[in-house]
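**Student:** Quick one: the structure is below, and I'll ask about it shortly.
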Amino acid sequence: MTRWGKTLPAALAAVLCAGPAFAQETGIDSGDTAWMLTSTALVLLMTIPGLALFYAGMVRKKTVLATMMQSFFMAALIAIVWMVAGYSLAFTNGNAYIGDFSRLFLSGLAESWDKPFVMGAGLESAATNTIPETVFIMFQMTFAIITPALAVGAVADRMRFSALVLFMILWSLLVYAPIAHWVWHPAGWIAVLGAADFAGGTVVHINAGVAGLVLALVMGKRVGFGSENMSPYNLGLAVIGASLLWVGWFGFNAGSAAAAGPRAGMAMLVTMIAAATATLSWTFAEWISKGKPSVLGAISGAIAGLVAITPASGFVLPGAALIIGLIAGVVCFWGATGLKHALGYDDSLDAFGVHGIGGIVGALLTGLLAYGPLTATADAPGGTVVGGLALFMNQVYAVVATIVFTAVATFILAKIVDAVVVLRVNEEEEREGLDVVLHGESLG
Amino acid sequence: MTRWGKTLPAALAAVLCAGPAFAQETGIDSGDTAWMLTSTALVLLMTIPGLALFYAGMVRKKTVLATMMQSFFMAALIAIVWMVAGYSLAFTNGNAYIGDFSRLFLSGLAESWDKPFVMGAGLESAATNTIPETVFIMFQMTFAIITPALAVGAVADRMRFSALVLFMILWSLLVYAPIAHWVWHPAGWIAVLGAADFAGGTVVHINAGVAGLVLALVMGKRVGFGSENMSPYNLGLAVIGASLLWVGWFGFNAGSAAAAGPRAGMAMLVTMIAAATATLSWTFAEWISKGKPSVLGAISGAIAGLVAITPASGFVLPGAALIIGLIAGVVCFWGATGLKHALGYDDSLDAFGVHGIGGIVGALLTGLLAYGPLTATADAPGGTVVGGLALFMNQVYAVVATIVFTAVATFILAKIVDAVVVLRVNEEEEREGLDVVLHGESLG
Amino acid sequence: MTRWGKTLPAALAAVLCAGPAFAQETGIDSGDTAWMLTSTALVLLMTIPGLALFYAGMVRKKTVLATMMQSFFMAALIAIVWMVAGYSLAFTNGNAYIGDFSRLFLSGLAESWDKPFVMGAGLESAATNTIPETVFIMFQMTFAIITPALAVGAVADRMRFSALVLFMILWSLLVYAPIAHWVWHPAGWIAVLGAADFAGGTVVHINAGVAGLVLALVMGKRVGFGSENMSPYNLGLAVIGASLLWVGWFGFNAGSAAAAGPRAGMAMLVTMIAAATATLSWTFAEWISKGKPSVLGAISGAIAGLVAITPASGFVLPGAALIIGLIAGVVCFWGATGLKHALGYDDSLDAFGVHGIGGIVGALLTGLLAYGPLTATADAPGGTVVGGLALFMNQVYAVVATIVFTAVATFILAKIVDAVVVLRVNEEEEREGLDVVLHGESLG
Amino acid sequence: MKLIMAIIKPFRLDDVREALTPLGVQGLTVSEVKGFGRQKGQTEIYRGAEYHVSFLPKVKVEVVVTADLAERAVEAIAKAAHTGKIGDGKIFVIDIERAVRIRTGETDAEAL
Amino acid sequence: MKLIMAIIKPFRLDDVREALTPLGVQGLTVSEVKGFGRQKGQTEIYRGAEYHVSFLPKVKVEVVVTADLAERAVEAIAKAAHTGKIGDGKIFVIDIERAVRIRTGETDAEAL
Amino acid sequence: MKLIMAIIKPFRLDDVREALTPLGVQGLTVSEVKGFGRQKGQTEIYRGAEYHVSFLPKVKVEVVVTADLAERAVEAIAKAAHTGKIGDGKIFVIDIERAVRIRTGETDAEAL
Ligand SMILES: Nc1ncnc2c1ncn2[C@@H]1O[C@H](COP(=O)(O)OP(=O)(O)O)[C@@H](O)[C@H]1O
Ligand SMILES: Nc1ncnc2c1ncn2[C@@H]1O[C@H](COP(=O)(O)OP(=O)(O)O)[C@@H](O)[C@H]1O
Ligand SMILES: Nc1ncnc2c1ncn2[C@@H]1O[C@H](COP(=O)(O)OP(=O)(O)O)[C@@H](O)[C@H]1O
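Chains as they are written, first to last, in the numbering used here: chain A, 279 to 722; chain B, 279 to 722; chain C, 279 to 722; chain D, 100 to 211; chain E, 100 to 211; chain F, 100 to 211.
As structure tokens, this is what we get:
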């Protein structure tokens with residue numbers, strides 16, 4: 279069940295608005311395009327500088343720059359990977375599991391650049407949009423960028439840069455692209471199955487969280503983990519980062535409506551409500567259990583809420599968002615504290631604790647709380663995404679499939695890359711810090 | 279005189295554009311909606327991370343995180359307060375002084391979510407917009423968030439977190455919501471009276487400034503005020519914050535046009551001009567009187583100009599903006615330096631000196647400089663907001679009413695909260711710093 | 279060849295969409311206006327806080343604030359210069375070399391504010407836009423602001439503030455405004471000549487780079503240059519700055535399409551690709567030649583790619599963007615390292631090495647790689663900007679003319695200002711640092 | 100000559116400096132240090148990881164005075180830095196064999 | 100009394116502190132310093148400008164103990180700070196003439 | 100052995116280090132300090148609140164040398180740190196009873 283199908287009514291509207299004569303010529307709507315261009319900028323803002331700051335704000339002084347570099351470089355690296363093959367593998371028809379090579383190097387745009395984008399052209403489940411394909415490619419690219427950038431937070435302070443580069447090229451093509459195809463392409467098996475993921479709870483967050491956890495397990499704990507003081511050097515950076523993630527998330531979720539209409543409005547509203555509620559629930563949970571409401575707790579809660587509402591954002595009403603945020607804040611608090619310490623792995627920046635767990639919570643609750651009328655279409659007046667047992671089971675299925683596939687594939691890729699270039703720096707380098715060791719720079 | 283009435287022509291245009299057949303079905307304009315979604319993101323950006331940085335950059339190292347927390351937590355807290363009851367109290371018909379409970383928990387959106395928003399539906403002064411209500415709710419929510427966040431700057435470094443939370447819940451519902459209703463709802467008494475506040479000079483800035491001043495007077499000066507060196511730890515943060523406030527203010531003011539048309543364009547232009555002029559006038563005033571043009575002076579001037587143009591932004595031409603900025607910069611410079619030291623209160627981050635005074639300057643000058651044609655409508659070709667003695671008197675009336683109401687209500691609430699949870703930390707805690715005392719964290 | 283002519287089809291579309299009756303009345307398109315308002319905010323974001331952070335992150339602790347002040351103050355100063363006379367000189371008809379005084383103080387907006395903007399009204403090469411002139415003025419203002427802010431990076435750590443203010447007022451009016459007129463006004467001689475600069479490779483980047491280099495040569499090297507350690511105090515700021523520049527550049531380039539249509543989409547896509555490729559090519563060039571991939575290298579590469587794609591962004595396809603980015607990254611790496619050290623000048627923050635050289639690379643490659651159909655119009659179905667020898671020669675011509683004019687004019691102005699207020703602080707002041715010496719402030 | 104090294108609470112610094120001036124002390128050197136002692140710090144929590152902050156911010160004042168002045172200087176510092184609360188700090192006195200003023204080359208007493 | 104001044108590798112600090120407690124040392128003062136010595140640092144490159152980092156981050160521990168304790172304290176520190184790799188640092192012992200606890204006015208041994 | 104403690108202007112540090120190497124000094128320790136003295140600082144103004152900056156950034160160099168070397172080391176530092184302008188700083192010499200190299204356990208002269 280791709281959200282892009284949802285854009286049909288909007289497209290229709292635009293066409294109507296344009297008037298027949300004009301419609302033949304182009305169904306591109308300037309308002310929808312304006313919003314999608316803006317959303318693209320907002321989602322890129324989430325990774326650079328948003329995520330770069332959020333993560334850099336949680337590490338020690340000696341790896342602040344290296345941590346920023348991971349997010350910044352991902353933006354460049356994955357952009358090219360996406361242009362060369364990732365987009366083609368994710369969003370061309372291909373089969374139920376992966377796209378084809380028809381858009382390698384984005385070939386074909388020379389002809390279609392000024393036409394409205396039709397996803398799955400040729401298929402009867404094809405979805406017409408009111409924006410050009412260039413904008414769709416860009417918007418999706420920013421999603422492909424942030425996913426690996428999120429995952430690497432789990433292994434902060436210890437991964438070699440060359441290993442990161444090699445690993446993420448492979449991971450983006452062999453793990454991210456297929457899953458994006460499954461969920462968001464009308465031909466994808468999860469879309470056909472009828473599981474719903476409006477803006478990427480499965481594709482982005484569960485995917486990143488699980489991949490991060492596997493990397494953390496493969497690479498092992500940081501030197502001194504548990505014994506030495508690893509308190510953040512500059513939490514202020516993390517607050518700025520979380521704030522930009524929050525603001526950028528409006529593009530992430532409301533932009534996933536692919537049009538500047540009522541669905542985008544509702545998506546933005548529920549996104550805000552879930553983020554806010556989770557901030558409160560994490561903060562109060564910590565206040566009660568630890569005695570103080572920490573700043574790191576508040577911003578972590580916000581991210582947890584944003585993650586959890588992501589798959590639901592186009593399908594639920596404000597009341598449901600309140601519930602999703604409330605649960606996500608508490609559960610992710612437990613995931614980043616209780617669970618992690620219980621199991622003893624070193625998911626350094628809680629990529630799994632927040633994104634993995636938050637994504638699962640959101641995906642499942644979407645199955646229960648989706649409000650049909652928001653996805654009503656001509657042929658399905660009751661809505662195409664309706665909360666209930668049926669949808670819930672589909673969600674469970676999609677979540678499990680994603681977790682298993684990501685875990686296995688990530689493990690294999692990690693082992694391969696480790697064999698080729700070695701994943702981790704040695705103890706002395708780790709003590710000295712990645713900034714100076716990997717990049718020959720340091721904070722003054 | 280609410281600006282939302284002004285959107286009528288735009289709405290009309292959209293309807294025309296849509297063509298009758300389509301109009302029945304929906305009068306939502308994708309371009310206007312795109313701009314309002316963007317504006318909402320921009321205004322949230324003002325508070326997080328904008329204001330968080332602006333304020334955190336002016337305090338000492340030991341309270342940087344706690345100061346950021348105040349803005350960040352406001353975003354979460356007030357969002358929920360707004361969803362639960364604030365929005366309903368501010369923007370439903372009710373009476374001339376406050377709205378009703380018809381939108382508690384945003385009930386009713388399930389039906390109206392995809393219809394264009396009509397404010398004051400049922401009243402003959404109802405104003406039809408070209409955006410869905412969800413977007414209006416979100417846009418207004420960001421205003422409700424930034425107002426208390428601005429006020430708390432006056433008591434930086436000494437307010438207990440629990441007191442802040444309790445106080446702001448009450449203040450938002452009992453002070454902010456009513457004033458927003460007075461000024462921006464067609465049934466509000468100030469709107470009916472005919473005073474003009476395009477984007478929140480009264481509702482947001484005078485309101486926040488006065489509330490901050492009252493809090494500062496109730497809570498008293500910081501320990502060591504006047505004797506110890508309280509120079510900012512990292513003014514660089516304040517520069518980033520002021521910059522984001524400036525950029526975000528485009529959404530604040532141009533977004534208040536509620537449509538992506540000529541009024542939004544003019545609002546953005548005059549906003550830029552006033553901000554720039556005030557930056558220059560504050561800087562030169564300081565250069566001349568103190569011998570050096572400080573960075574803090576320049577960014578303070580920019581904020582002063584932005585505050586002053588806020589109520590005027592949809593009603594004046596560039597020339598008038600130049601005058602408003604010029605005056606605001608000099609007067610606020612005096613407010614944050616001369617006045618404050620003369621009266622001896624400790625408005626720590628000049629919430630009153632800049633926002634209170636700047637808001638008053640702007641509100642009054644709007645009364646004199648409003649250019650009628652900008653608000654011309656079919657039935658009022660000369661404009662509905664025309665500068666002159668009549669409008670000026672209305673402005674004075676509205677300003678005084680707001681100051682008195684806010685001052686009294688804030689004082690009472692402060693006393694109540696102080697009695698319940700104590701507003702202020704003790705001297706030793708204040709010396710140690712709020713970061714570690716309230717949140718158990720500190721900058722490395 | 280101004281890009282504003284390109285907006286005709288879009289304008290047409292809007293008119294069609296609006297339907298005849300409505301068209302007479304106004305051809306303003308809400309979607310295009312929404313995007314241009316957003317783009318304006320994005321381009322301002324590039325300067326404050328983007329450039330302020332990028333530059334401040336590369337200097338030593340004692341001049342961090344002063345460096346931020348340069349960008350921040352430019353935003354205010356040039357805004358007013360632009361309003362008073364700059365806009366009029368750049369974008370009114372005048373002659374082939376400069377505009378006239380018909381828009382001093384933006385006079386005339388009171389009448390035209392709600393009409394669509396026609397550039398070069400009266401000329402037969404006039405171009406109708408679908409946005410009001412206020413938006414065009416604002417969008418262009420942000421370009422006028424960033425250009426001098428970029429240039430001053432070349433003389434970081436040693437320029438007196440009063441000299442900066444005086445110099446930039448003159449430079450903006452006598453150097454920037456004329457060149458903008460040459461290139462972007464339909465009557466401008468370079469536009470008539472047929473050289474292409476979509477978003478400002480010549481007007482902004484070559485111009486800023488050359489002006490910066492001349493200033494650096496006139497003012498001489500920093501005290502201790504070559505002998506003392508001048509490593510950046512906080513590169514983290516530079517990463518945030520580069521990230522915001524990258525995101526803001528979407529407004530810079532895609533906004534230069536003046537409409538939210540296919541051209542904007544393509545411009546954003548090629549901008550992303552070139553930025554990403556240049557990041558990779560600079561990083562790998564450094565990795566190979568210096569042994570480590572530095573963070574400063576990665577962000578510098580991104581800026582180099584953004585600069586180089588700027589003149590080409592509306593004229594090329596993704597493949598060409600890949601080539602442009604690849605070359606720009608490597609050439610600018612050489613420009614900021616090899617060339618600079620070979621010639622021995624102290625272009626402190628590489629305004630010339632990155633912007634000057636990157637701009638030249640981009641302008642010339644545009645001449646070779648422009649894909650005609652992107653600029654196809656009714657009367658020129660093959661496109662108005664077509665890569666080839668003819669266009670290439672025009673580009674060379676335009677580039678050389680700009681370099682010569684800027685170099686000479688900047689030199690003369692620098693000498694005049696030096697005579698009037700002295701450009702540079704004395705050695706002792708420079709050692710103490712501009713923060714405390716010029717602004718009486720310092721980082722804690 | 101004696102080097103008086105005092106570890107004090109940061110916010111007492113200005114008072115200490117002012118207390119020394121009347122004794123004719125022309126200069127001193129200050130550094131930010133972290134102190135471990137009887138005074139106990141707060142506990143910091145980051146996502147469940149608790150760190151007990153055993154090191155508290157202190158200021159180290161180093162001032163060299165002539166032998167005859169040492170006694171009074173120590174008393175002045177002790178008085179000015181005193182709050183009576185745990186963590187007030189310590190004063191140590193160390194013998195200095197030689198002092199030189201770099202600018203003039205003056206030595207010992209003249210160098211101060 | 101003796102002032103023991105030890106320059107050590109930052110990550111050994113906690114061990115050093117713990118090694119001193121059993122000896123009855125109640126407090127110590129720490130400062131971040133940069134050390135130049137046999138241990139060689141990395142090279143940093145900024146846009147082609149190379150800087151050899153000759154100064155490496157170290158921690159300076161200053162602890163005053165009674166004369167009789169000095170020997171054992173030095174050994175304890177040396178043991179706890181030891182990694183065997185170049186750059187482990189130094190320990191210096193200086194005589195202290197007088198000590199005062201600001202809070203109580205206690206002097207010498209009682210002041211520690 | 101002697102501990103030479105020099106308070107100098109930050110930008111003279113590299114010269115001081117280079118001046119000591121020829122004397123066979125193998126290492127030294129540096130810390131950032133703030134100095135109060137005859138040299139007067141700037142005034143800072145924040146929204147009308149004026150603060151006179153009485154403390155100026157200085158660098159403290161601590162180097163331990165054998166007694167015989169002390170004299171020449173002091174001269175070398177004084178020469179290298181000299182600008183002739185007020186605020187050049189001071190050099191103090193303190194007796195060291197004992198030195199230990201943590202890595203090897205070598206003591207005194209061998210430890211340096
Ligand atoms: N033996 C010591 N050597 C060096 N510094 C010490 C010693 N004991 C205490 N200090 C310093 O003095 C500070 C205050 O000591 P503490 O025991 O906390 O309180 P009090 O000074 O009231 O006894 C400590 O934080 C530490 O910096
Ligand atoms: N003569 C000295 N005086 C003061 N400090 C010194 C001296 N020699 C070394 N140090 C300090 O000890 C640290 C370690 O010394 P180094 O020669 O690098 O290794 P090692 O301790 O193994 O000999 C240096 O970084 C410096 O801080
Ligand atoms: N009596 C002193 N004890 C410790 N440090 C001192 C003393 N006098 C001066 N200093 C240090 O020396 C620095 C320079 O001294 P100052 O009087 O400013 O100039 P000069 O060295 O030319 O006399 C001061 O900033 C301070 O750090």
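All C-beta atoms in this analysis are idealised placements derived from N, C-alpha and C, irrespective of residue type, glycine included.
Are VAL491 (chain B) and ILE581 (chain B) closer than 8 Å when you measure CB to CB?
**Tutor:** Sequence inspection shows Leu at residue 491 (chain B); the Val mentioned does not correspond to that position. Cβ distance not < 8 Å, so LEU491 (chain B) and ILE581 (chain B) don't count as in contact.
**Student:** Would you say VAL124 (chain D) touches ligand 3, meaning its beta carbon is less than 7 Å from a heavy atom?
**Tutor:** Yes; taking the cut-off as 7 Å, the Cβ of VAL124 (chain D) has a heavy atom of ligand 3 nearer than that.
**Student:** Return the residues of the region 609 to 628 of chain A that lie within a Cβ-Cβ distance of less than 9 Å from chain C, sorted by chain order.
**Tutor:** For the region 609 to 628 of chain A, there are no residues whose beta carbon sits under 9 Å from a beta carbon of chain C.
**Student:** Short check: CB of ALA473 (chain A) to CB of ALA676 (chain A), under 8 Å?
**Tutor:** yes
**Student:** Looking at ASP378 (chain B) and GLY372 (chain B), is the spacing between their C-beta atoms short of 8 Å?
**Tutor:** yes
**Student:** Using a Cβ-Cβ cutoff of 7 Å, what residues of the region 129 to 147 of chain D are near chain A? List them in chain order.
**Tutor:** GLU143, ILE144, TYR145, ARG146, GLY147
**Student:** From what residue to what residue does the alpha helix (DSSP H) around ALA357 (chain B) run?
**Tutor:** 342 to 359
**Student:** What separation, rounded to the nearest whole angstrom, lies between the Cα atoms of MET416 (chain B) and ALA563 (chain C)?
**Tutor:** 47 Å
**Student:** Assuming ALA487 (chain A) contacts SER534 (chain A) (C-beta within less than 8 Å), just tell me the rounded distance between them.
**Tutor:** In the sequence as presented, Ala is not what sits at residue 487 (chain A); that position holds Gly. In fact, because the Cβ distance is near 19 Å, the residues do not count as touching under 8 Å.
**Student:** Answer yes or no: the CB of GLN141 (chain F) versus the heavy atoms of ligand 3, is any distance below 7 Å?
**Tutor:** no
**Student:** For a quick check, are the C-beta atoms of TRP460 (chain A) and TYR333 (chain A) less than 8 Å apart?
**Tutor:** No. Outside cutoff.
**Student:** With respect to the alpha helix (DSSP H) encompassing ILE681 (chain A), which residues constitute its N-terminal and C-terminal limits?
**Tutor:** 667 to 699
**Student:** Report buried or exposed for ILE107 (chain E), applying the criterion of at least 16 other Cβ atoms within 10 angstroms of its Cβ.
**Tutor:** buried
**Student:** Count the CB pairs spanning the region 633 to 646 of chain C and the region 673 to 692 of chain C that are closer than 8 Å, and state whether there are at least three.
**Tutor:** Under the three-pair Cβ rule at 8 Å, the region 633 to 646 of chain C counts as touching the region 673 to 692 of chain C.
**Student:** What do you reckon, is the C-beta of VAL714 (chain B) under 7 Å from a heavy atom of ligand 4?
**Tutor:** As far as ligands go, the structure on display features ligand 1, ligand 2 and ligand 3 and does not contain ligand 4.
**Student:** Below 9 Å on C-beta distance, what does HIS181 (chain D) contact in chain E?
**Tutor:** ILE201, ARG202, GLY204
**Student:** Strictly by DSSP, which residues pair up with LEU442 (chain A)?
**Tutor:** DSSP lists no partner for LEU442 (chain A).
**Student:** How is HIS717 (chain C) classed by DSSP in three states: helix, strand or coil?
**Tutor:** helix
**Student:** Consult DSSP for GLU402 (chain C) and reduce its assignment to one of helix, strand or coil.
**Tutor:** coil
**Student:** Kindly identify the DSSP beta-bridge partner or partners of ASP207 (chain D).
**Tutor:** None; ASP207 (chain D) has no bridge partner.
**Student:** Taking only beta-carbon atoms, is PHE154 (chain E) less than 8 Å away from chain F?
**Tutor:** Output row for PHE154 (chain E): interface = yes.
**Student:** Cβ of ALA330 (chain A) within 8 Å of Cβ of GLY519 (chain A)?
**Tutor:** yes
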